[in-house]
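Asker:
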Amino acid sequence: MHVFMGLFLVLVLANPAMGQSGFGEYGGATFISVKDTKTILVDLPEYPALIGEKIAVRINGIATPSLKGKCKKETQLAVQAKKFMTKAFQDAEIVDLTNINRGIYFQIVADVLINDENIVIRLVEKGFAVKSSKKKMAHNWCKKALNTKGK
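Okay, so the sequence shown: first residue is 10 according to this note's numbering, each after it adds one.
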């Protein structure tokens, strides 16, 4: 699996049409599903099936509640977040990946845009995520009040 991710990133780098930030950009990804509260699965139609189908993309720069939460509040919030994300991506006309980089274990990490809007903005507004840096990813969701707006 790691070899395939590496090959994918090499292809992204080799494509002259790609942007210059990180490993580039990819316009027109096809949404497949929400894996967890910060990872989606997409198809990349312009790439061979071996490296372009059901690719996991982790959303850049956020901390989100876990489906295997440390408390009931965290788990409930994660379920709400996953439902919200699924609907947002299903309703999207365009899904773009920008600022593509490699994360831990060679995973793909990117800014994910839905109809030219970063999904992070929506997730933070709804209380399903907090902006985070590589140095500070932890957040105590068990102390956070549930935000039930926008179910």
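By construction, the Cβ of each residue, glycine as well, lies at the ideal position given by its N, Cα and C atoms. This one's a predicted model, so the numbers in the text were calculated from it and none came from an experiment.
Do you know offhand how far Y35's Cα is from L132's?
Answerer: Going from the Cα of Y35 to the Cα of L132 covers about 21 Å.
Asker: At a threshold of 8 Å, does A101 count as lining the ligand NAP (C-beta to nearest heavy atom)?
Answerer: Absent from the structure shown: the ligand NAP. Ligands present: none.
Asker: Do the region 111-124 and the region 76-85 touch if we need at least three Cβ pairs shorter than 8 Å?
Answerer: Judged by Cβ distances under 8 Å, the region 111-124 makes no contact with the region 76-85, as fewer than three pairs qualify.
Asker: Can you list, in chain order, the residues of its chain with a C-beta nearer than 6 Å to that of I49? Leave out the 5 residues immediately preceding and following it.
Answerer: V43, V66.
Asker: Taking the CB atoms as reference points, tell me whether V118 and N110 lie closer together than 9 Å.
Answerer: Cβ atoms of V118 and N110: closer than 9 Å.
Asker: Just list the alpha helix (DSSP H) runs in the region 117-146, keeping only unbroken ones of 4 residues or longer that don't cross its boundaries, in chain order.
Answerer: Entirely contained in the region 117-146, the alpha helix (DSSP H) runs reaching 4 residues are, in chain order, 128-134.
Asker: Measuring CB to CB, does L86 end up less than 9 Å from G136?
Answerer: It is a contact, given that the beta carbons lie within the stated cut-off.
Asker: Helix, strand or coil: which one does DSSP assign to A38?
Answerer: Correct three-state label for A38: strand.
Asker: Can you check whether the CB of Q99 is closer than 9 Å to the CB of F40?
Answerer: Yes, these two residues count as a Cβ contact at 9 Å.
Asker: Return helix, strand or coil for I71, following the three-state DSSP convention.
Answerer: Here I71 sits in strand by DSSP.
Asker: According to DSSP, is A101 part of a helix, a strand, or is it coil?
Answerer: A101: coil per DSSP, three-state reduction.
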